[in-house]
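Here the structure comes first, spelled out in structure tokens, and everything after it is commentary.
Here you go:
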């Protein structure tokens, strides 16, 4: 069922491909607004030197320290801009999520851009309440992780073998990823349930999302981790390609720009793919439950006779 839901999620994207363009343009606009001030400072401070190139291809801590040390006054407003931009992007994402799920649910190939913004507005305040609940959910997740991590930290502190320390460190990283991935998955299904059932009580949506995620844990979590793995591969591939292109000429700079846009478009598509697959899995299990209910009723009546 996991593979079938992932395939169905991909088919939903293909049917609603017109929705990807406005999503891509929005993400591109946000990226340009965030990067432009930093690029201006780097160009003004380093000019045509190669320092900015080495900084872009890896974390050159010496260059970063130098930039922060001598440009603190110019960087403070940029940090403020990034905070404002981050909050604005979160609000925009909340707005778009309802439209994305609604467009995928409709299965229509035309008018999806209008549905993206129209349904996004219709579900905005409900999804905003879900976002506020998610802050509480992530806080609870952080507390639970802190309890587990404290045990692992004590084991790590008492260990004297280098291999054991590395193993425990790896376990700590895996645990934090799994904890927060589960919470993210529950909130995703809460959004899906809100749209599919047109729920107006967000506590009900979150409770049902949690119940659905736990009841079908192997399917829901297995699919979420599979899609997350694909996303990680995409990011790693993007980093490898970026590192391999040395933009010493205008043509290479243009090539890098095109490659970056392709990866940005791919990541936008993967975000929609998450929702499409989760929507497909939820609807498939829901349909099986509805078809099984009359059968169980009939069996019960026959046993009574």
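In our numbering, the protein residues as written are 10 to 314. Beta carbons: idealized from backbone N, C-alpha and C, even for Gly. Computed from a prediction, not measured in an experiment: that's the story for all the values here.
Sorted by chain position, which residues of the same chain lie with C-beta nearer than 8 Å to residue 161's C-beta, five sequence neighbours on each side aside? The residue given as residue 161 occupies position 152 in the chain shown. 177, 180, 181 and 184, listed in sequence order.
Euclidean distance between Cα positions of residue 208 and residue 33: As a first step, residue 208 must be located in the chain shown, where it is residue number 199. As a first step, residue 33 must be located in the chain shown, where it is residue number 24. Looking at the two C-alpha atoms, the distance is approximately 29 Å.
Identify whether residue 208 lies in helix, strand or coil by the three-state DSSP scheme. Taking the chain shown and counting its residues from 1, the one referred to as residue 208 is at position 199. Of the three classes helix, strand and coil, the one that applies to residue 208 here is coil, per DSSP.
I believe residue 112 touches residue 121 by the beta-carbon criterion, under 8 Å. Please report the beta-carbon distance rounded to the nearest angstrom. By 1-based counting over the chain shown, the position of residue 112 is 103. By 1-based counting over the chain shown, the position of residue 121 is 112. Indeed, because the Cβ distance is near 4 Å, the residues count as touching under 8 Å.
How far does the alpha helix (DSSP H) with residue 135 in it reach, from first residue to last? On the chain shown, position 126 is the one that residue 135 refers to. 121-167 is the span of the alpha helix (DSSP H), which, as asked, contains residue 135.
Return the chain-ordered ranges of every beta strand (DSSP E) run that is complete within the segment 223-251 and spans a minimum of 3 residues. none
I believe residue 199 touches residue 186 by the beta-carbon criterion, under 8 Å. Please report the beta-carbon distance rounded to the nearest angstrom. Looking up residue 199 in the chain shown gives position 190. Looking up residue 186 in the chain shown gives position 177. About 20 Å; that fails the 8 Å criterion.
For residue 14, report the span of its alpha helix (DSSP H) as first-last. In the chain shown, residue 14 corresponds to position 5, counting from 1. 11-24 is the span of the alpha helix (DSSP H), which, as asked, contains residue 14.
Can you tell me whether DSSP reads residue 312 as helix, strand or coil? Here residue 312 refers to the residue found at position 303 of the chain shown. Bear in mind that the predicted position of residue 312 carries a pLDDT of just 39, short of 50, making it unreliable; the figure below should be weighed with that in mind. Residue 312: helix per DSSP, three-state reduction.
Residues near residue 222 by beta carbon distance below 8 Å, same chain, minus five either side: As a working note, residue 222 is residue 213 in the chain shown. The answer, listed in chain order, is 191, 194, 195, 198, 229 and 230.
Length of the line joining the Cα atoms of residue 141 and residue 103: Here residue 141 refers to the residue found at position 132 when the chain shown is read from its first residue. Here residue 103 refers to the residue found at position 94 when the chain shown is read from its first residue. Straight-line Cα distance between these residues: approximately 11 Å.
Proximity of residue 101 and residue 125 at Cβ, strictly below 8 Å: Translated into positions along the chain shown, residue 101 becomes position 92. Translated into positions along the chain shown, residue 125 becomes position 116. Not in contact: residue 101 and residue 125 (Cβ atoms no closer than 8 Å).
The segment 19-38 / the segment 269-277 touching (three or more Cβ pairs under 8 Å): yes
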